[in-house]
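Undergrad:
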């Protein structure tokens, strides 16, 4: 009985400690270079159960366009795709990935469901392999 009480106490206190919020990452100033850059494709899928005006009002209230993209993060492309929402490709240093994620969590959630696809630039390698194969 004593062991059960002890385990319950540890589980309760452990979960409350984990439930504490973590501060947002500080805005970074690292710059993307060929050695540290990644591409991040972000799908912002519209909540189609709500009208566009309502979604835009929520984005404004949450400060989406003020905070996204964070300063110094390059926007490679930003498209609206009918039936999906917005598809944005960013170039950023890997060290700033958490910052970009947090900005979207704080400002886009509610209006959009998000999906993320990190990648890297393979073009030079692929073209070199193509040339070598000729």
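In this note's numbering, the protein residues as written are 179 to 312. For glycine and all other residues, C-beta sits at the position ideal for the given N, C-alpha and C.
Alpha helix (DSSP H) containing residue 231: first to last residue?
TA: Note, residue 231: alpha helix (DSSP H), 230 to 240.
Undergrad: Taking residue 253 as the reference, which of 311, 236, 219, 286 has the closest Cα?
TA: The candidate whose alpha carbon is nearest that of residue 253 is 219.
Undergrad: Is residue 307 near the ligand ZN, with its Cβ less than 7 Å from a heavy atom?
TA: In terms of ligand content, the structure shown is empty, and the ligand ZN therefore cannot be addressed.
Undergrad: Look at the Cβ atom of residue 270, then the Cβ atom of residue 258, and state whether they are nearer than 8 Å.
TA: Not in contact: residue 270 and residue 258 (Cβ atoms no closer than 8 Å).
Undergrad: Assuming residue 303 is part of the alpha helix (DSSP H), what are its boundary residues?
TA: From DSSP, the alpha helix (DSSP H) with residue 303 extends over 301 to 311.
Undergrad: From what residue to what residue does the beta strand (DSSP E) around residue 258 run?
TA: Per DSSP, residue 258 belongs to the beta strand (DSSP E) from 252 to 259.
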